[in-house]
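So the mapping is simple: the working numbering equals the position in the sequence shown, first residue as 1, plus 8.
Beta carbons: idealized from backbone N, C-alpha and C, even for Gly.
Structure first, then comments.
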Amino acid sequence: MIKNLLILTTYGQIFYSQEFEKTEEAVDVALTGGLMSAIYSMATETQREKISEFELVTSRIIFQEERTDLLFVITVDKRMDSKDTYELLNMISKRFFEKYGEIRIDGLVLTDFEVDATEIIYKKLWYLDTQKRKFRIWDYLGTILVTLAISWYMVLVFGSAPFAGMPEFGIKTFVWDGILANLTNPIGLTLQLLLLIAVIAIPAIAIYLLFKFTYARDIFRFIRDYVSRPTRASYSELLPNYFLFNILVSFLLYTSFMIFAGGYASELRVLSLFPGGLLGEKFANEFDFLNILQSLQVSDIMDQIGLGIITWATWVFIFPLGYSLILGEKRWRKIYKNAVYITSIAILFLSVSYIFSGVKYLEAIGFNPRTPSLFEAEKNSLLFTLTVHLPLNIFVFGFILFMGIGVNRVTPSKTRVPSIVALFVSLYFTMIVQRIIFFMLFAPTT
9 MIKNLLILTT
19 YGQIFYSQEF
29 EKTEEAVDVA
39 LTGGLMSAIY
49 SMATETQREK
59 ISEFELVTSR
69 IIFQEERTDL
79 LFVITVDKRM
89 DSKDTYELLN
99 MISKRFFEKY
109 GEIRIDGLVL
119 TDFEVDATEI
129 IYKKLWYLDT
139 QKRKFRIWDY
149 LGTILVTLAI
159 SWYMVLVFGS
169 APFAGMPEFG
179 IKTFVWDGIL
189 ANLTNPIGLT
199 LQLLLLIAVI
209 AIPAIAIYLL
219 FKFTYARDIF
229 RFIRDYVSRP
239 TRASYSELLP
249 NYFLFNILVS
259 FLLYTSFMIF
269 AGGYASELRV
279 LSLFPGGLLG
289 EKFANEFDFL
299 NILQSLQVSD
309 IMDQIGLGII
319 TWATWVFIFP
329 LGYSLILGEK
339 RWRKIYKNAV
349 YITSIAILFL
359 SVSYIFSGVK
369 YLEAIGFNPR
379 TPSLFEAEKN
389 SLLFTLTVHL
399 PLNIFVFGFI
409 LFMGIGVNRV
419 TPSKTRVPSI
429 VALFVSLYFT
439 MIVQRIIFFM
449 LFAPTT
């Protein structure tokens, strides 16, 4: 993502130069330095305004003047996150002045600054370092265990799903009721508190240790960085193939939200298959693992899970496929891989919708999703619109916006088809595929 760094004066004296991207022909540093200072000086003199950026077809050159006449110039891929670029340039300039102060000696080239510049860049863009690593089996296992531990906390927060034979389980029954039942029994209360520490603290300690001693943290670190700033999606190009493990992480976390939040809301789809509420208003029907065939017929939880998994799979695989085929030309496979990275993370925003559409959430705020006669009237109320429909749609359309920004950054801007066109075509193609699959599997029969 970073192509080169140049530190020079506004009149062309070069103090430091470093190339980060190999080219077929060697770049003349003196010529480049003279060109940069000339562009900067010309803009300042003719426009009476200092230049901050200079754009090429696929690159962006950032200028930052410090202490009157010292220029820090960095050339980056145009897709690189702008804020990261400026933060990086500020860190480099700060380190330069800390190390050399106001040094101005003709002909001096500060080659020892390479150690500092490389350290700063690899610390800020840690993605560059992952390409050198070999992902060990312990890292795969660590990532799975961390994901399962996070899913475990979802069980505590939302409680158990309606499976036959599974006792009611959640924060209220397991934590609150357990403590209240042992308030008058010191030994029982002590044991209850120790049990709480075991089920709450031990998974947290395990996550900490796995992050500390494996590379499992890198996958989750990229998720965090992308969520905090979706324009960082372009960095997916720097990630090695083991980051495709994001797909499994995404699936486990997504299905945890879907199952333990309590359901799948059909109205959150743009083209609703079953308008008007949660699919299956008899959500009290449990799923019995000992009698699977009968449960598939009478329990609507499998319909909920089936719809959710189909939705997840089409967004994670079909949407990137359409987008990459439209824009990819000869590079469509690479674009597809990077787009899968991004959509597998963005789907976590959609999973939040299951909180607002879930049976457990609806019951917690006073609705009756298990009682169709009451729920029909409640769904038409203003309170339901404000507490369920509004946040639900915010996260659904936020997911689409978030995903769109992300995939738009994984391919260079020079394409035959505008990326916004590819985005909308692949978006509607994905929803059409969803509707066809839903209709084939779940269409009501008479």
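Under DSSP, Asp311 forms no beta bridge with any residue. In this structure, the straight-line span from the alpha carbon of Ile350 to that of Arg237 is close to 12 Å. Counting C-beta pairs closer than 8 Å gives three or more between the segment 411-419 and the segment 332-350, which meets the contact rule. Nearest in C-alpha terms to Trp160, of all of Ile128, Ile208 and Pro175, is Ile208. The Cβ atoms of Ser67 and Thr93 do not sit closer than 7 Å to each other.
In this structure Leu435 is in contact with Phe327, their Cβ atoms being roughly 7 Å apart against a cut-off of 8 Å. Under DSSP, no beta-bridge partner is assigned to Gln200.
Shown here, Thr83 sits in a strand according to DSSP, grouped into three states. With contacts defined as CB atoms closer than 7 Å, Val163 and Thr322 fail to qualify as a contacting pair.
In the three-state scheme derived from DSSP, where H, G and I count as helix and E and B as strand, Leu64 is classed as coil.
Residue range Ile10 to Thr17 is occupied by the beta strand (DSSP E) that includes Ile10, with no alpha helix (DSSP H) assigned at that position. Beta-carbon to beta-carbon, Leu79 and Thr17 are separated by about 7 Å, close enough to satisfy the 8 Å threshold. Short of 7 Å from the beta carbon of Glu176, and not among the five residues preceding or following it, lie these beta carbons of its own chain, in chain order: Gly167 and Ser168.
DSSP places Phe166 inside the alpha helix (DSSP H), whose first and last residues are Ile145 to Phe166.
Shown here, Ser381 sits in a helix according to DSSP, grouped into three states.
Boundaries for Phe265: no beta strand (DSSP E) harbours it, while the alpha helix (DSSP H) harbouring it runs Asn254 to Ala269, taken from the DSSP string.
Beta-bridge analysis with DSSP links Ser25 to Leu14. By the neighbour-count criterion, in which a residue is buried when 16 or more other Cβ atoms sit within 10 angstroms of its Cβ, Ala385 is exposed. For the pair Leu315 and Ile445, the Cα-to-Cα distance works out to about 9 Å.
In the three-state scheme derived from DSSP, where H, G and I count as helix and E and B as strand, Leu370 is classed as helix. Under DSSP, Leu96 forms no beta bridge with any residue.
Classified as buried, Ile69 has 16 or more neighbouring CB atoms from the shown chains inside 10 Å of its CB.
Rounded to the nearest whole angstrom, the C-alpha separation of Ser49 and Lys58 is 8 Å. Inter-segment contact for the segment 397-417 and the segment 368-377 is absent: fewer than three beta-carbon pairs are separated by less than 8 Å.
Ranked by Cα distance from Thr438, the first of Gly271, Leu260, Glu27 and Thr319 is Thr319. With contacts defined by Cβ atoms closer than 7 Å, Ile100 and Ile128 form a contacting pair.
Taking C-beta atoms as the reference points, Tyr130 and Asp137 count as a pair closer than 7 Å.
The C-beta separation of Val396 from Leu370 comes to about 7 Å, placing the pair in contact by the 8 Å criterion. Beta-bridge pairing by DSSP links Ile70 to Glu61 and Ile82. Distance from Ile158 to Leu261 at the Cβ level is roughly 6 Å; contact confirmed, criterion being Cβ atoms closer than 8 Å. One alpha carbon belongs to Thr155, the other to Val257, and they sit about 6 Å apart.
For Val81, same chain residues with a beta-carbon under 6 Å away, outside a window of 5 residues either side, are Leu14, Met44 and Phe71 in chain order. Contact check for Gln312 against Gly366 fails: the beta carbons are separated by 7 Å or more.
Taking the C-beta atoms as reference points, Thr239 is found nearer than 7 Å to Asp89. Residue burial annotation: Ser361 is buried, with at least 16 other C-beta atoms found within 10 angstroms of its C-beta. Linking Ala241 to Asn190 through their CA atoms gives a straight-line distance of about 51 Å.
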